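Engineer: To start, I am sharing the structure in question, which I have written as structure tokens.
Shown next as structure tokens:
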């Protein structure tokens, strides 16, 4: 067991390092950030001074080593565009992202598992078919497409919900991010519970006179939740990655919007650190589920 844990942790660290290295060098081929940061008609000397101040005059391998070593010393670099510490920028944007993700994860558990249980108990009934048909649609619909549809219907056409700027702004991002995970958890809970319901130890509980709902919840669901917990980790990983696109669609002030806008501005330190945060989060969640 100890050897397995060491190997998994080693693979996780190697994965994060590989992603960091790949993104660091790929961002450098997207263009020169100096052209974005300077005004049209700026002199070559002004550009060179800015390039030196930002450390872009150093060879690429030196920039990489400086950036990589800085991660271990707490120096995440300075944003080219905001002229602020990258870690400070992410500290400000992390709370909205975590708040959004926490609500989505809570809804996934509170809605997805009961829906799956209900569908399993009402197996082959109209309720089961409607629930699972809706779950199939929800699990196959990309969250950013759903987000755009929500904005079109509820903001532009019906004018019921705002697309941004008010406390009600969180409703549509939450819906867009929740539908897929809820659908997947409901489907897996149903199939897993159906496998457990017919087992002999549950028949023994029924023979003792225990009510069916108690048999299902106390004895069946406990065993059926093992694979559900596994998929919750996978759904959490998907939410972390999917939040980047959904936050951009709804102009949510989280790390996803920051990463996308920084990529457009060629703000390399912010993009590299942002991808590092996301990849480390996904890797950690997958590692935790495996262990």
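In the working numbering, the protein residues as written are 1 to 291. Note that beta-carbon positions come from the ideal geometry of N, C-alpha and C, so glycine has one too. Computed from a prediction, not measured in an experiment: that's the story for all the values here.
#1: In terms of residues, what are the limits of the alpha helix (DSSP H) holding residue 266?
#2: Determine, using beta carbons only, whether residue 104 and residue 239 come nearer to each other than 9 Å.
#3: Under the three-state reduction of DSSP, which class applies to residue 78: helix, strand or coil?
#4: Relative to the C-alpha of residue 96, which residue among 251, 275 and 57 is closest?
#5: What are the complete alpha helix (DSSP H) segments, minimum 4 residues, inside the region 233-274?
#6: Judging by CA-CA distance, which residue of 271, 267, 141 and 273 is the nearest neighbour of residue 80?
#7: Report yes if the C-beta distance between residue 270 and residue 278 is below 9 Å; otherwise report no.
#8: Under DSSP, the alpha helix (DSSP H) around residue 134 begins and ends at which residues?
#9: Residues bridged to residue 85 by DSSP?
#10: Just mark residue 119 as buried or exposed, buried being the case when its beta carbon has 16 or more other beta carbons within 10 Å.
#11: Give me, in chain order, the residues of the same chain whose beta-carbon lies closer than 8 Å to that of residue 46; leave out the 5 immediate sequence neighbours on both sides.
#12: Cβ atoms of residue 101 and residue 237: under 9 Å apart, would you say?
#13: Quick check: the region 182-196 against the region 149-160, are there 3 or more CB pairs under 8 Å?
#14: Take residue 152 as the anchor and find which of 176, 129 and 91 has the nearest alpha-carbon.
#15: Alpha carbon to alpha carbon, how far is residue 110 from residue 283? Give it in angstroms, no decimals.
Structural biologist: According to the data block:
#1: Locating residue 266 in the chain shown gives position 266, counting from the first residue. Looking at the DSSP string, residue 266 is not in any alpha helix (DSSP H), and its letter there is neither H nor E.
#2: For the purposes of this step, residue 104 is identified with residue 104 of the chain shown, where counting begins at 1. For the purposes of this step, residue 239 is identified with residue 239 of the chain shown, where counting begins at 1. By the CB criterion at 9 Å, residue 104 and residue 239 fall inside the cutoff.
#3: Against the chain shown, residue 78 aligns to sequence position 78. In the structure shown, residue 78 sits in a strand (DSSP, three-state: E or B).
#4: For the purposes of this step, residue 96 is taken as the residue at position 96 of the chain shown. The option with the nearest alpha carbon to residue 96 is 251.
#5: If one requires a minimum length of 4 residues, the alpha helix (DSSP H) runs lying completely within the region 233-274 are 255-264, in chain order.
#6: If you number the chain shown from 1, residue 80 lands on position 80. The residue with the shortest Cα to Cα distance from residue 80 is 267.
#7: Indexing the chain shown from 1 puts residue 270 at position 270. Indexing the chain shown from 1 puts residue 278 at position 278. For the 9 Å CB-CB criterion, residue 270 and residue 278 do not form a contact.
#8: Here residue 134 refers to the residue found at position 134 when the chain shown is read from its first residue. Unbroken alpha helix (DSSP H) run through residue 134: 126-140.
#9: The residue labelled residue 85 in the question sits at position 85 within the chain shown. Paired residue(s): 78.
#10: Translated into the one-based positions of the chain shown, residue 119 becomes position 119. Flag for residue 119 reads buried.
#11: Indexing the chain shown from 1 puts residue 46 at position 46. Spatial neighbours of residue 46 in its own chain (CB-CB distance under 8 Å, excluding positions within 5 residues in sequence) are listed in chain order as 38.
#12: Sequence index remark: in the chain shown, residue 237 carries index 237 (1-based). Sequence index remark: in the chain shown, residue 101 carries index 101 (1-based). No.
#13: Contact between the region 182-196 and the region 149-160 is absent, because fewer than three Cβ pairs lie under 8 Å.
#14: One-based indexing of the chain shown puts residue 152 at position 152. Restricting attention to 176, 129 and 91, the CA atom closest to the CA of residue 152 is found in 176.
#15: The residue given as residue 283 occupies position 283 in the chain shown. The residue given as residue 110 occupies position 110 in the chain shown. Computed Cα separation, rounded: 25 Å.
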